[in-house]
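Start counting the sequence shown at 8; every next residue gets the next number (our numbering). We put the CB at the ideal spot given by N, CA and C, even for glycine. If you're wondering where the values come from, they're calculated on a predicted model, not measured in any experiment.
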Amino acid sequence: MGYGQFIHNFKNLVIRGERDYRSSSYSQQLQTNLKQIRSDIEAYRRFPDLQPPETNGLKAIEAVVAQYQKMADKVRELKSLGLSVEAIDQQIVVDDRPAMEALQAWSKFLKADATQRIAALHAEADRNELIQLAVIFGISLLLTWLAFEWLVRRALVKPVSHINQQLTRVCDAEGDLDIHADICVEGARETRRLGQYINGMLQRIQNEVAKMNSVKTVVDQSTANIMLADKDLVITYMNKSIVNTLKKVEKDIQKMLPQFSTENLVGQNIDVFHVKPSHQRQLLAELTDTYVAKLTLGELHLDIIVNPIWGPDGERVGFVTEWKDITETVKLEKMQEAVEQNLKTMVEKAAKGHIGAQIDVSALDGFIRDLGEQINTMSNAIHVANKKISDVIVHLSKGDLTPRVEGDYEADLGAMQAAINQSLDNLSLIMAQVNVSVREIAEDIQATTERNTNVSSRLQEQAASIEETAATMKEMTAAVRNNAQNAQQANDLTVQASDKMAEGAHIMQQTIQAMQGIKASSDQIEQIIGLIDSIAFQTNLLALNAAVEAARAGDHGRGFAVVAGEVRNLAGKSADAAREIKTLIEQSVSQVENGTQLAEQSGASLDEINLSIRQVTERVSEIATSSLQQSQGIEQLNQTIVSLDRNTQENARLVELSANSAEMISGRSKELVNRMRQFTIAGHFMQQAEADLRIHHSDTQPTVVKSQPKLDVSHKVSHNEKKKDIKQEKPVTQNLGGGDEWEDF
Numbered sequence: 008m009g010y011g012q013f014i015h016n017f018k019n020l021v022i023r024g025e026r027d028y029r030s031s032s033y034s035q036q037l038q039t040n041l042k043q044i045r046s047d048i049e050a051y052r053r054f055p056d057l058q059p060p061e062t063n064g065l066k067a068i069e070a071v072v073a074q075y076q077k078m079a080d081k082v083r084e085l086k087s088l089g090l091s092v093e094a095i096d097q098q099i100v101v102d103d104r105p106a107m108e109a110l111q112a113w114s115k116f117l118k119a120d121a122t123q124r125i126a127a128l129h130a131e132a133d134r135n136e137l138i139q140l141a142v143i144f145g146i147s148l149l150l151t152w153l154a155f156e157w158l159v160r161r162a163l164v165k166p167v168s169h170i171n172q173q174l175t176r177v178c179d180a181e182g183d184l185d186i187h188a189d190i191c192v193e194g195a196r197e198t199r200r201l202g203q204y205i206n207g208m209l210q211r212i213q214n215e216v217a218k219m220n221s222v223k224t225v226v227d228q229s230t231a232n233i234m235l236a237d238k239d240l241v242i243t244y245m246n247k248s249i250v251n252t253l254k255k256v257e258k259d260i261q262k263m264l265p266q267f268s269t270e271n272l273v274g275q276n277i278d279v280f281h282v283k284p285s286h287q288r289q290l291l292a293e294l295t296d297t298y299v300a301k302l303t304l305g306e307l308h309l310d311i312i313v314n315p316i317w318g319p320d321g322e323r324v325g326f327v328t329e330w331k332d333i334t335e336t337v338k339l340e341k342m343q344e345a346v347e348q349n350l351k352t353m354v355e356k357a358a359k360g361h362i363g364a365q366i367d368v369s370a371l372d373g374f375i376r377d378l379g380e381q382i383n384t385m386s387n388a389i390h391v392a393n394k395k396i397s398d399v400i401v402h403l404s405k406g407d408l409t410p411r412v413e414g415d416y417e418a419d420l421g422a423m424q425a426a427i428n429q430s431l432d433n434l435s436l437i438m439a440q441v442n443v444s445v446r447e448i449a450e451d452i453q454a455t456t457e458r459n460t461n462v463s464s465r466l467q468e469q470a471a472s473i474e475e476t477a478a479t480m481k482e483m484t485a486a487v488r489n490n491a492q493n494a495q496q497a498n499d500l501t502v503q504a505s506d507k508m509a510e511g512a513h514i515m516q517q518t519i520q521a522m523q524g525i526k527a528s529s530d531q532i533e534q535i536i537g538l539i540d541s542i543a544f545q546t547n548l549l550a551l552n553a554a555v556e557a558a559r560a561g562d563h564g565r566g567f568a569v570v571a572g573e574v575r576n577l578a579g580k581s582a583d584a585a586r587e588i589k590t591l592i593e594q595s596v597s598q599v600e601n602g603t604q605l606a607e608q609s610g611a612s613l614d615e616i617n618l619s620i621r622q623v624t625e626r627v628s629e630i631a632t633s634s635l636q637q638s639q640g641i642e643q644l645n646q647t648i649v650s651l652d653r654n655t656q657e658n659a660r661l662v663e664l665s666a667n668s669a670e671m672i673s674g675r676s677k678e679l680v681n682r683m684r685q686f687t688i689a690g691h692f693m694q695q696a697e698a699d700l701r702i703h704h705s706d707t708q709p710t711v712v713k714s715q716p717k718l719d720v721s722h723k724v725s726h727n728e729k730k731k732d733i734k735q736e737k738p739v740t741q742n743l744g745g746g747d748e749w750e751d752f
């Protein structure tokens, strides 16, 4: 019938797929086998007088073939989904028991029918012998019937005797059948019809035996481990696959059963497989449905599947056992368990801040190993990027502007790296420019202080000179002229200092704007962290999709669903880590705000310095004006010598106030320099800032002309009195008029 070739092609479709490397596809071969099976069944049904065991057997075979055809369609569907052979094998189940039971009942019926028919033929032969005797007796009585007797022997007795001999050869005394014999009968019409009927019966028996041999060949060549036992638990059949499997694990079985041997197992009782046979006997005696037991032999893991075989009358006639190899399934379950444990440990560490944890993939294989390596790569990349950014931010919080985020990153991480590094470069350059400018301002203020001190000393000398040289008009005139020149020179210096202070205030304003820009960059970094959080959410969504796909796979995707769930948890922890990075960025923003406040305080200090310098400039300008007025009114000096002396003392006091203001400005400038020193700036930024300042000075530096006094009377002022006057401190906000008629002069 081709039934065995049909099952063989079905197995090839499961194992090798759609295409046969030798000829056409297995689906086409299955269709060819199916047509052949149906053709053979229809041909058999055309035989007359079919009995119930025959019709039931044909129906059972048709039902099993229909199951195989349905499962073949399911195999093609699962193959299109990309499932493995093991996964397909777990979902493809065809129950061969009805066909096997029907074939056994059919074979038993054919044997019984053949025996019955042969017995009938023997009875017919006996009757023929009686007829022969009667004929012989009649011949002896009726010699006239010799011709008729010869005809009878030729037409009836000889063919019947030949049939008897042929039937004796078909079924010998030991019960062995030779169904390939051909009954050749000559003679009367009845004997010829009898021979034809016997030949038809033998041909049907040959067909049934051929079908049974085909089924046996398929089972012999099957990769499934099949063993049959009768109702007394005696092994009646074992295919080649189970024999090879038992030979592989024979030594492992002998560790529990030293007398076990794979040789000549057919004919032995299944007790040879059990340490306590009574337990298995009781179990099989009560077995009415499929029973599955698990067995481990060395590295081999087996499922022992036992099914009872029922006869036509509902009586259990034996058992069929399949030894299913599940070693790869057990191995996959162990790898999934290892990945789950590693993911649990990684998630616990990530919850405590250890982001760079790794999965041990040394014991993994296949897809599970690839998944573990991809998770390790993702965890390490996040850990390295987070560590580099954190290090730079920690140095920035300590005022160190020299570190940079190193590495080769792309997309969002690359944009964040470029933004942080560019912000640090801009901040370093601005802070370097502020540092150099503040240092230059401090030096200029120091020079102004020295000049104001010199002016104060000269004014005191001038006052002493007026007191001692009231009678010498010419000397007084020269001294007043010298005072006017020095006052003009001081005015120029204070104007220059005021310009530099304004420049410093402008640079400080740029510093404040740069700090605000850094704050804006920090806000952009916070947005990028939000993007990382979004990536974690997308990973979580991807893991959820994987869980849905695993759920569609049923129980076979349950392990992968757990792994996908752990990946989703890891994505959640990555989002938590992104939020921790966001917290660090917010702390950095707080530090930048503190720096902005310091810069604003520095700007306020520079504004105060600028205000003080403007006051000094105004006062020096007033000194210059007063000196000019003194020069113009020198002719009236004789009449107003007392008033001139008083005005000169007032000039000395104002210059001393200017000196005190310059000293205060110098102190604040030094304080600002000290504050700027808390920032660590790369050397090349300092060099660039100094070069820019030199270029700016070369374009804006005024020419200062120093005038020398024409009259030196410093020896006339006592040293102690001079020191006392210089050290005397006056408040900066004192009224410049002082109620001494300065405006009237």
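In chain order, Lys580 place their CB closer than 7 Å to the CB of Ala358, counting only its own chain and leaving out the 5 sequence neighbours on each side. Restricting attention to Gln492, Asp278, Asn681 and Leu209, the CA atom closest to the CA of Val627 is found in Gln492. The bridge partners DSSP lists for Thr328 are Met234 and Val313. Taking every protein chain shown into account, the CB of Val273 has fewer than 16 other CB atoms within 10 angstroms, so this residue is exposed. The C-alpha of Gln598 is placed about 47 Å away from the C-alpha of Gln495. For Thr62, no beta strand (DSSP E) run applies; the uninterrupted alpha helix (DSSP H) run containing it begins and ends at Pro59 to Ser87, by DSSP. Sequence-distant partners of Ala94 (beyond 5 residues in either direction) whose C-beta falls short of 7 Å from its own C-beta, in its chain, are His563. With a minimum length of 4 residues, the unbroken runs of alpha helix (DSSP H) contained wholly in the stretch 265-304 fall at 284-292. Residues of the same chain with a CB within less than 8 Å of the CB of Ala571, apart from the 5 flanking positions on each side, are Ala550, Leu551, Ala553, Ala554 and Ala557 in chain order.
In the three-state DSSP reduction, Asp133 falls in the helix class (H, G or I).
Take the alpha-carbon of Glu587 and the one of Asp296: they are about 60 Å apart. By the C-beta criterion, the stretch 324-341 is judged to be in contact with the stretch 228-243, since at least 3 inter-stretch pairs fall below 8 Å. Linking Asn135 to Met208 through their CA atoms gives a straight-line distance of about 21 Å. Just measuring C-alpha positions, the residue of Ile389, Asp278 and Pro284 sitting nearest Ile536 is Ile389.
If you check the CB distance, Gly325 and Thr252 do not come in under 8 Å. Where Ile95 is concerned, the enclosing alpha helix (DSSP H) starts and stops at Val92 to Gln98. Between the beta-carbon of Ile532 and that of Ile437 there is about 19 Å, and that puts the pair past the 8 Å contact cut.
Cβ contact annotation for Trp113 (same chain, cutoff 7 Å, sequence separation greater than five): Pro60, Glu61, Gly64 and Glu215, in chain order.
If you draw a straight line from the Cα of Ala236 to the Cα of Arg323, it comes to about 11 Å.
In this chain, the alpha helix (DSSP H) harbouring Thr252 covers Lys247 to Lys255. When DSSP states are grouped into helix, strand and coil, Thr687 belongs to the strand group. Residue state for Ile452 is assigned as helix, using DSSP reduced to three classes. Its Cα nearest to that of Gln656, the residue Arg465 stands out among Arg575, Ala425, Phe116 and Arg465. Cβ contact annotation for His308 (same chain, cutoff 7 Å, sequence separation greater than five): Ile333, Thr334 and Val337, in chain order. For Thr409, the secondary structure class from DSSP, reduced to helix, strand or coil, is coil. Burial check for Glu510: the Cβ neighbour count within 10 Å reaches 16 or more, so the residue is buried. When secondary structure is reduced to three states using DSSP, Arg488 falls in the helix class. The beta carbons of Asp451 and Lys395 sit no closer together than 8 Å.
Around the Cβ of Ala126, a 10 Å sphere holds fewer than 16 other Cβ atoms; the residue is exposed. Taking one beta carbon from each stretch, the stretch 659-676 and the stretch 616-627 have 3 or more pairs nearer than 8 Å; the two touch.
About 6 Å separates the beta carbon of Ser612 from that of Leu679, a gap short enough to meet the 8 Å contact definition.
Note on geometry: alpha-carbon atoms of Lys526 and Ile382 lie some 35 Å from one another.
Here Ile366 carries a coil assignment [DSSP, helix/strand/coil].
Per DSSP, the beta-bridge partners of Val241 are Asn276. By the CB criterion at 8 Å, Val250 and Thr224 fall outside the cutoff. The DSSP-derived three-state label of Arg446 is helix.
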